[in-house]
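Report on one structure; see the data block that follows.
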Amino acid sequence: MTTQTTSRSPALAVARVPATAPAAVPGTVAGDLEGPAVRVRDVRREFGGRVVLDGIDLDIAAGEFVALLGRSGSGKSTLLRILAGLDAAATGRATVPERSAVVFQDPRLLPWARVVDNVTLGLKGREARGQARDALAEVGLAGRERDWPATLSGGEAQRAALARALVRSPGLLLLDEPFGALDALTRIRMHRLLRDLCRRHRPAVLLVTHDVDEAILLADRVAVLTDGQLSHDERVRLSHDEQGRLSGARHRSDPQFAALRARLLAELGVSDDEAESRPGAAPDATTEIGDA
Ligand SMILES: Nc1ncnc2c1ncn2[C@@H]1O[C@H](COP(=O)(O)OP(=O)(O)O)[C@@H](O)[C@H]1O
Ligand SMILES: [Mg+2]
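In this note's numbering, each residue carries its 1-based index in the sequence shown increased by 1238.
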């Protein structure tokens, strides 16, 4: 395998490695996969002398789903932008797959381009259109190819943004609070969709979120960013995982879910009570995703 090293700035060395995403193997657990797809070492970033990232080390295996939690302003988006190659002023070293794709909270669809053209944007080749149709079908937007973005609901627009990311077969999928603007019910559907898509395509995933439940529901590992450093990095081990049923549902009723949630909230400096009373907190029954 060849490694193409490009210095994106005098300071940050980013190596982009040709796609190493393994083939989709239903039921495969992340630990079985080759890795790491992402290797971050001593990444630092400051803005006007204020240190935001203070020496980040992070590995993500191929096919592994990592959620990054942190308080607002802790530097989550800054780290994601660095991995996306959108920040030239950071320092340190990062190895990322050659192909990565980013989904932001705002779907960022071009209003003057039809849905299918938004998905193929920047792609070359005659197959692009067919691939875009397939990707749109995968996210539940079959038949909406010729629609204008303005006619899509918030959830549908975000589905289109996911299709635009997937059609590039990314080795690394970067998600920055992708469901933050959606209502609770739509968010649950999107959780399920994202989980299924990731199982099928197996990119390495970094999901930035401030939602602890979302992190536990979706991720193989949860990291917490505090004061510019990863203060916590924990594999999600729930009861069903230990029984070898990784494809099973994750339930808030699982005592291990509650225990992990409490640990993460403590790491974030939030009590369980505060989290329960937070506006928009979804009730228990609606934060479970399963295969049923
Ligand atoms: N381009 C920028 N110029 C100056 N400060 C910035 C810039 N981008 C981010 N910051 C600052 O860096 C800190 C981390 O921002 P960000 O990574 O967006 O936080 P998060 O995504 O965790 O909420 C914030 O204090 C923010 O104001
Ligand atoms: Mg952010």
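Cβ atoms here follow ideal geometry from the backbone N, Cα and C, with glycine treated the same way.
Residue i CB to nearest heavy atom of ligand 2 below 7 Å
i     : result
E1452 : no
E1376 : no
D1414 : yes
V1446 : yes
Rounded Cβ spacing between residue i and residue j (contact assumed at less than 8 Å)
i     : j     : result
L1445 : A1322 : Contact flag wrong, Cβ pair sits at about 13 Å.
D1292 : R1279 : 13 Å between Cβ atoms; not a contact.
V1357 : R1402 : 5 Å
L1431 : L1318 : Contact flag wrong, Cβ pair sits at about 20 Å.
V1443 : F1303 : 4 Å
L1420 : G1378 : Not quite, the Cβ-Cβ distance comes to about 14 Å (not below 8 Å), so this is no contact.
E1505 : H1448 : Between H1448 and E1505 the Cβ distance is about 13 Å, and since that is not below 8 Å, they are no contact.
L1410 : A1496 : Not confirmed; about 31 Å, so no contact.
L1307 : L1498 : Contact flag wrong, Cβ pair sits at about 11 Å.
8 Å Cβ shell around residue i - same chain, five flanking residues per side excluded
i     : result
H1429 : F1417, E1452, L1455, L1456, I1527
R1346 : A1399
P1349 : W1386, P1387, A1388
R1406 : R1337, A1339, L1361
G1518 : Note that G1518 has pLDDT 45, beneath the 50 cutoff, so the model's placement of it is unreliable and the number below is only indicative. These residues qualify, in order along the chain: A1422.
L1468 : I1294, D1295, L1296, A1461, V1462
L1435 : E1376, V1377, L1400, L1404
A1500 : D1510
Proximal residues to residue i (C-beta, below 6 Å), its chain only, five neighbours per side dropped
i     : result
L1404 : A1373
R1277 : D1297, T1333
R1473 : R1459
V1289 : G1466
Q1396 : P1345
V1263 : Reliability of the predicted coordinates at V1263 is poor, the pLDDT of 26 falling under 50, and the value obtained from them is presented with this limitation in mind. Result list for V1263: empty, nothing under 6 Å.
D1325 : R1319
L1390 : none
P1408 : R1337, S1338, A1339, P1441
Cβ-heavy atom distance, residue i to ligand 3, below 7 Å
i     : result
F1417 : The model depicted lacks ligand 3 and carries ligand 1 and ligand 2 instead.
Same chain, Cβ closer than 7 Å to residue i, five either side skipped, listed in chain order
i     : result
S1315 : D1414, V1446
D1511 : none
Q1369 : V1405
Q1343 : D1414, E1415, P1416, G1418, A1419
A1209 : No answer is possible for residue 1209: it lies beyond the span of the chain, which begins at 1239 and ends at 1530.
With contact counted as at least three CB pairs below 8 Å, one residue from each stretch, are the stretch 1374-1389 and the stretch 1341-1361 in contact?
-> yes
What residues does ligand 1 have around it, judged by CB closer than 6 Å to any heavy atom, in chain order?
-> Near ligand 1, meaning a beta-carbon closer than 6 Å to one of its heavy atoms, we find F1285, V1290, G1308, S1310, G1311, S1312, G1313, K1314, S1315, T1316.
So, do the stretch 1319-1337 and the stretch 1429-1440 have three or more beta carbon pairs nearer to each other than 8 Å?
-> Too few Cβ pairs lie closer than 8 Å, so no.
Check whether the stretch 1414-1421 touches the stretch 1457-1471, counting contact only when three or more Cβ pairs, one atom from each stretch, lie closer than 8 Å.
-> Touching, no, given that fewer than three Cβ pairs across the two stretches are closer than 8 Å.
The stretch 1309-1320 touching the stretch 1355-1369, judged by at least three CB pairs closer than 8 Å = Taking 8 Å as the limit for Cβ pairs, the verdict is that the stretch 1355-1369 does not touch the stretch 1309-1320.
The stretch 1421-1428 / the stretch 1460-1477 touching (three or more Cβ pairs under 8 Å) | no
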